[in-house]
Every structure is written in structure tokens, then in C-alpha cells.
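Undergrad:
There are 2 protein chains.
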Amino acid sequence: MSSNSKQNGLEAHQGQDTTAEEAWPMFVEFLKSKASRITQARRIVFDRVFARHDHFRADDLTAELSSGSDYVSRGTVYRTLDLMTEAGLVQKIRDQDVHAHYEHIYGHGRHHHLICENTGEFIEFSNKVISDEIDCICKKHHFNQRFHRVVVFGTLTDTKA
Amino acid sequence: MSSNSKQNGLEAHQGQDTTAEEAWPMFVEFLKSKASRITQARRIVFDRVFARHDHFRADDLTAELSSGSDYVSRGTVYRTLDLMTEAGLVQKIRDQDVHAHYEHIYGHGRHHHLICENTGEFIEFSNKVISDEIDCICKKHHFNQRFHRVVVFGTLTDTKA
DNA sequence: ATTACTGCAAAGCATTTGCAAATGC
DNA sequence: GCATTTGCAAATGCTTTGCAGTAAT
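Those protein sequences? They're chains A and B, same order as listed. Numbering of the first sequence is given in this note's numbering, commencing with residue 1 and proceeding in unit increments. Numbering of the second sequence is given in this note's numbering, commencing with residue 1 and proceeding in unit increments.
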């Protein structure tokens, strides 16, 4: 296996971050493990993601990559971002269901959720330790909290004996 | 001011929850404070929201209200839900920006965010107390955690002296 | 009577998808 | 050479909006 990403028959992309160089082999491994291909488009998207150090939207990347020699199409940007998320290299900040859910809160109070990824079930909880800790963090950061939200993703294990 | 919501010239909607009856006057107050009107459509949406005790999508409501004598149009459902959110009677579970944001996490680790509602700034933090507490909650609920997310909404107070 | 609200249908917008051409292996 | 990927453009699905008619004050 070629251990150096520069040998993949791709031009060197200049101005690259150390992390990108470090992380690329991980993505390569991931793709290989899925019998997926190491393509130019994937490398380009990958580099752009690691060139950034902020939060971005898929659309921002699409825009950046929509002209010039590094052109990658919208569809491919989304598809690659999904792969990188699956590989654990990228965090999707508002993921799962894109669309808003509501619930009434009168006589209910703020609470948080465990979301089961199998059944879609929501389990509610509230917890003072967490709230207090968050208050403390806010204070530290001179942040005036309006409210907070905690969401835990995972699966509900069957409790039946 | 009429203190009983049943006097608002609207038919009584049967099968109603106590909370709906309790909360309705609050919504009325809210609407009055905005010089907005108490309408049938708003009452119908309101009742449907409080008749539910789960999480729902705006679309679910629209579907429920798209036939029969309690018809309310999609647009109005969304508009009313916004009002109820503004009034603090409803919690929008995936709010703020509807669209996904990404960030790369290699050499970064999982972390959480304080989001400034004025500037859109993200401040990152990670905290073991919170993670531990969440682990504990998951155990209690027989929940197999994949990952969790904490988001705090509010405003960054200027720290300059 | 006045002005806000509703219903409708069309527009918006991020995201997804089907398919023919291109590319990696 | 064969199978996966890409680019394209159209489709999707939730949400928003403009406007003319309707209802609340």
C-alpha cells in the first residue's frame, strides 16, 4: 500500500495544512475498506475541508469549488461530505433529520433528548448537573445563555428480560 | 379582558387537555401584546399542538389539519407554530439554521458549541463533567450512546474593559 | 370600515437522485 | 475492460411568500 498520499497520481495541492496531509491516509484507508475509489474529486473536497478551520455549509464548499481548475460538482461535494462523515473525519453539526421538530413545553419545562437511531424514538431527560456545568462554562466564556440543548444519538437497547 | 378562553366566540373543542385550557390564555395574552388577532385557525392549531404529547413535525400537523372541519392551511400552520415558538409555548427541536454545518474533526476531538445569536460566532468547548453525566444518564435508560451534542444559544457579552 | 389573517399556489432552497459520460483500478 | 464515480439537470421535500379574498376588531 502506498503510504504517502502524494503518490496517488494526483498533483500536489499547494498551501495544504499539516492536518490534511496527516488525515488523508485515513480517508484512503476508509475508502479502501469500502472498496471505494480514490478519486481526484474526493481529494479536492477533502483538501478544501481541511483547509478550513471553521464551520461551513455544504453549499459554501460547492460555491468555492464551482469555478476554477478545482471544479467539483454539487452532487459530488455532498456525496464526499457524507463519506467523510461516515469515516469520522467530519462532524455534521445539524444532522440526522434535517427538518424541525416541535413539542409544546407548557407545564413541561425544558428537557433534553436521547434519540434512538433505529426506531426514531425520543427519550426525554433533564439533569441539573449538566445545566449547572453549562452555566459555569458560559460564565467562563462571558456568554449570556438563553437556553441550551443536549441531544444524545445512539440506540435503545431492548430491556425486556 | 375575558379570562376564560371558552368565551372567545369559538366553539369548544372537545377532548381537550387540561394543559391546553390552561395555556390558551397565555397565547391570547401574547397575541394581544403584539396587537395580533385571536383567530379560529390559531385556536385550532393551538389545540392540536397541545393534544399531542410527543414530538411532531410541522408537516404532521398540516396533514392532520388538511381535511375535515378543522381545516387549516399549510402556511397558517407554519405561521402559527412560529408564533407559538415566539410565545415560548412550543420548543423547536432543530431550530436556528435549518441546514447542516460541517467541520473537520481530525486532531480536534469532539467538542460542543456556544453559538452567539448576534454575530453567529461559534465558541467551542469540551467538558468531562458533562460527558460523564451523559454516560450515566444513558446507562440509566439502557441507551447505547453513539455520540452526543451540546449546543448553547445566547449572546457573547463584550469582554473589552 | 379597517387591517390583519387565511388559503392558495407558486417560489425558494438545501439536498438527493437518475443517467450517460468519464475515470479509477 | 469493467465498475464505480462524476457532472448535469431535474426532482424532492420542507418551508416561505405574494396576493386576493375573508374574518377579526
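For glycine and all other residues, C-beta sits at the position ideal for the given N, C-alpha and C.
(1) For residue 42/A, which of 55/A, 61/A, 54/A and 115/A has the nearest alpha-carbon?
(2) Using a Cβ-Cβ cutoff of 7 angstroms, what residues of the region 134–161 of chain B are near chain A? List them in chain order.
(3) Between which two residues does the beta strand (DSSP E) harbouring residue 81/A extend?
(4) Excluding sequence positions up to five away, which residues of its chain have a Cβ less than 7 angstroms from the Cβ of residue 73/B?
(5) With H, G and I counted as helix, E and B as strand and the rest as coil, what does DSSP make of residue 34/A?
(6) Is it the case that the Cβ atoms of residue 138/B and residue 152/A are separated by a distance below 8 angstroms?
(7) Under three-state DSSP, which class holds residue 65/B?
(8) According to DSSP, is residue 157/B part of a helix, a strand, or is it coil?
(9) By the DSSP assignment, the beta strand (DSSP E) with residue 115/B in it spans what residues?
(10) What does the Cβ neighbour count give for residue 102/A, buried or exposed, with the cut at 16 atoms within 10 Å?
(11) Let me check you understand the geometry: is the CB of residue 154/A closer than 7 angstroms to at least one non-hydrogen atom of the ligand FMN?
(12) Can you give me the start and stop residues for the beta strand (DSSP E) that residue 243/B sits inside?
(13) Determine, for residue 89/B, whether the minimum Cβ-Cβ distance to residues of chain A falls below 8 angstroms.
(14) Per DSSP, what are the beta-bridge partners of residue 148/A in this structure?
(15) Under the rule that 16 or more other beta-carbon atoms within 10 Å means buried, what is residue 47/B, buried or exposed?
(16) By the criterion of Cβ-Cβ separation under 7 angstroms, what are the contact partners of residue 30/B in chain A?
(17) For residue 79/A and chain B, any beta-carbon pair shorter than 8 angstroms?
(18) Comparing C-alpha positions only, which one of 156/B, 18/B, 26/B and 22/B sits nearest to residue 88/B?
(19) Buried or exposed: which applies to residue 104/A, given that a residue is buried once 16 or more other Cβ atoms fall within 10 Å of its Cβ?
(20) In terms of residue numbering, what span does the alpha helix (DSSP H) encompassing residue 44/A cover?
(21) Closest Cβ-Cβ distance between residue 130/A and chain B: below 8 angstroms?
(22) Do residue 20/B and residue 56/B have their beta-carbon atoms positioned less than 8 angstroms apart in this structure?
(23) Within 8 angstroms of any Cβ in chain A, is that where the Cβ of residue 9/B sits?
(24) How should residue 18/B be labelled, buried or exposed, when 16 other C-beta atoms within 10 angstroms of its C-beta is the threshold for buried?
(25) Can you check whether the CB of residue 70/A is closer than 8 angstroms to the CB of residue 204/A?
(26) Strictly under 8 angstroms for the Cβ-Cβ distance: is residue 63/B near chain A by that measure?
(27) Go through its chain and collect everything with a Cβ distance to residue 23/A's Cβ below 7 angstroms, but skip five positions before and after it.
(28) If the cut-off is 8 angstroms on Cβ atoms, which residues from the region 36–60 of chain B count as contacting chain A, listed in chain order?
(29) When burial is assigned at 16 or more other CB atoms within 10 Å of the CB, is residue 58/A buried or exposed?
(30) CA-CA distance, residue 52/B and residue 36/A?
TA: This is what the structure holds:
(1) From the listed residues 55/A, 61/A, 54/A and 115/A, the smallest Cα separation to residue 42/A is found for 61/A.
(2) Against chain A - using a Cβ distance shorter than 7 angstroms - the residues of the region 134–161 of chain B are 134, 137, 138, 141, 142, 143, 144, 145, 146, 147, 148, 149, 150, 151, 152, 153, 154, 155, 156, 157 and 159.
(3) If you look at residue 81/A, you'll find it isn't in any beta strand (DSSP E); it sits in the alpha helix (DSSP H) that goes 74–86.
(4) Short of 7 angstroms from the beta carbon of residue 73/B, and not among the five residues preceding or following it, lies no beta carbon of its own chain.
(5) It is coil, neither helix nor strand.
(6) Closer than 8 angstroms, so yes.
(7) In the three-state scheme derived from DSSP, where H, G and I count as helix and E and B as strand, residue 65/B is classed as coil.
(8) In the structure shown, residue 157/B falls within a coil segment according to DSSP collapsed to helix, strand and coil.
(9) Segment 112–116, the beta strand (DSSP E) holding residue 115/B.
(10) Burial call: buried.
(11) No copy of the ligand FMN occurs in the structure displayed, which carries no ligand at all.
(12) Because chain B here runs from 1 to 161, residue 243/B falls outside it and cannot be looked at.
(13) Chain A, which has a Cβ nearer than 8 angstroms to the Cβ of residue 89/B, makes this yes.
(14) BP columns for residue 148/A point to 152/B.
(15) Residue 47/B should be labelled buried.
(16) For a Cβ distance threshold of 7 angstroms, nothing in chain A lies close to residue 30/B: the least Cβ distance comes to about 12 angstroms.
(17) No, because no Cβ of chain B sits closer than 8 angstroms to the Cβ of residue 79/A.
(18) When only C-alpha atoms are compared, the closest one is 26/B.
(19) The Cβ neighbour count for residue 104/A, taken over all protein chains shown within 10 Å, is at least 16; the residue is labelled buried.
(20) Judged by DSSP secondary structure, residue 44/A falls within the alpha helix (DSSP H) whose first and last residues are 40–51.
(21) Interface residue, yes.
(22) For residue 56/B and residue 20/B, no; Cβs fall outside 8 angstroms.
(23) With a pLDDT of 38 at residue 9/B, under the threshold of 50, the predicted position of this residue should be treated as unreliable, and no value is reported.
(24) Burial call: exposed.
(25) The structure shown does not extend to residue 204/A, since chain A is modelled only from 1 to 161, so the question has no answer here.
(26) Using a CB distance cut-off of 8 angstroms, residue 63/B does not count as an interface residue toward chain A.
(27) Only 50 and 89 meet the Cβ criterion.
(28) Residues 49, 50, 52, 54, 55, 56, 57, 58 and 59.
(29) Buried is the call here.
(30) So the two alpha carbons sit approximately 45 angstroms from each other.
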